[in-house]
Amino acid sequence: KKKKTEYVNRKGDKEYGVSRGIDFYRVANIINFDFPMDFDSYVHRVGRTARVDQKGLALSLISQKEMPYFEIVRGELENEYGEDMFHLYRFKSEQVDGFRYRVLDALRAITRVSIREARLKEIKSEIFNSKKLKTYFNDNKKELQLLRHDSALHIVKVKEHLKHVPDYLIPNSLKKISSTNSEQTTSTNNHNKRKSDTINKNFKRMKHNNPLANSLNAVTVLKKEIARKKT
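Last residue of the sequence shown: number 231 in the UniProt record's numbering, and the count goes up by one each step with no gaps.
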């Protein structure tokens with residue numbers, strides 16, 4: 001009975017999950033931290049990796065109580081495509097043991113209060129940007145001010161160290177991929193810098209050869225000289 005109630009509550013919550021109202025582009029990988037509870041939600045969420053003939057990968061973390069949802073989705077996909085679309089992802093647990101404390105740090109920050117505050121922030125943003133409510137707030141400016149000055153009840157501390165993954169935590173099998181991506185990024189940045197330097201040089205050359213620009217510079221210098229003499 002408890003599972004059934006939980007299922008109904010989650011289904012009826014329009015704010016639940018990212019399968020509604022949020023649109024992403026150029027998504028290569030999807031991680032289902034909570035497995036979708038029906039076929040349509042799964043397809044909508046995982047389908048973000050297949051926009052405009054793109055391909056992607058979906059990794060689903062499935063708990064024991066989510067197995068019934070998984071079996072339903074699995075059966076629907078098998079009926080539609082004629083084969084089992086899910087493959088068990090095998091890896092050595094010791095390769096990710098180093099991330100255990102970092103994951104726990106992140107999970108501790110995800111509380112009911114922080115989730116509520118995040119949702120309220122999103123709702124407020126939608127309210128402020130709503131064209132339909134613009135007229136209403138023009139007539140009720142006090143309410144708009146109250147919303148703008150309504151401070152968060154819970155301030156989330158940003159853990160800066162979680163933004164970066166130290167080299168010693170990266171599994172050996174991924175270090176080669178990581179270094180390749182880093183080299184590509186460096187190469188792209190160097191190319192962009194050279195391109196930017198070329199544009200700046202060309203701009204300076206054009207400015208130097210531009211009589212109008214030189215005249216304006218002369219006027220500016222003259223004005224500064226007159227102002228200096230007056231003082």
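Don't be surprised by glycine CBs; every beta carbon is placed ideally from N, CA and C.
Who are the near neighbours of residue i in its chain, counting only those whose CB is closer than 8 Å to its CB and skipping five residues on each side?
{"i": "Arg112", "result": "none"}
{"i": "Pro68", "result": "none"}
{"i": "Lys159", "result": "Asp105, Ala106 and Ala109"}
{"i": "Gly12", "result": "Its pLDDT being 47, under 50, Gly12 is placed unreliably by the model, and the measurement read from it follows with that caveat. Contacts found: none."}
{"i": "Met85", "result": "Arg74, Leu77 and Glu78"}
{"i": "Lys157", "result": "Ala109"}
{"i": "Ser173", "result": "Gln95"}
Counting only the same chain and skipping the five closest in sequence on each side, list residues whose C-beta sits under 7 Å from that of residue i.
{"i": "Tyr42", "result": "Pro36 and Val73"}
{"i": "Glu122", "result": "none"}
{"i": "Ala118", "result": "none"}
{"i": "Phe70", "result": "Phe35 and Ile62"}
{"i": "Val46", "result": "Ile30 and Ala58"}
Does the Cβ-Cβ distance between residue i and residue j come in under 9 Å?
{"i": "Phe99", "j": "Leu169", "result": "yes"}
{"i": "Ile124", "j": "Leu88", "result": "Here the sequence assigns Lys to residue 124, which means Ile is not the residue at that position. No, these two residues do not count as a Cβ contact at 9 Å."}
{"i": "Gln64", "j": "Arg26", "result": "no"}
{"i": "Leu162", "j": "Arg102", "result": "yes"}
{"i": "Asp34", "j": "Glu66", "result": "yes"}
Assuming residue i and residue j are in contact, meaning their beta carbons sit under 8 Å apart, how far apart are those beta carbons, in whole angstroms?
{"i": "Leu59", "j": "Asn79", "result": "About 23 Å separates the two Cβ atoms, so there is no contact after all."}
{"i": "Leu61", "j": "Asn32", "result": "6 Å"}
{"i": "Pro171", "j": "Gln95", "result": "4 Å"}
{"i": "Ile127", "j": "Leu120", "result": "At roughly 10 Å, the Cβ-Cβ gap does not stay under 8 Å, so Ile127 and Leu120 are not in contact."}
Quick one: grab the DSSP three-state call for residue i.
{"i": "Ile127", "result": "helix"}
{"i": "Asn138", "result": "helix"}
{"i": "Ile115", "result": "helix"}
{"i": "Pro166", "result": "coil"}
Please return the same chain residues whose Cβ sits closer than 6 Å to the Cβ of residue i, not counting the five positions on each side in sequence.
{"i": "Leu144", "result": "Phe137"}
{"i": "Lys141", "result": "none"}
(request) Please specify which runs of the alpha helix (DSSP H), each continuous and at least 4 residues long, are wholly inside the segment 50-101, giving them in chain order. (result) Taking only runs of at least 4 residues, the alpha helix (DSSP H) segments lying wholly in the segment 50-101 are 67-81.
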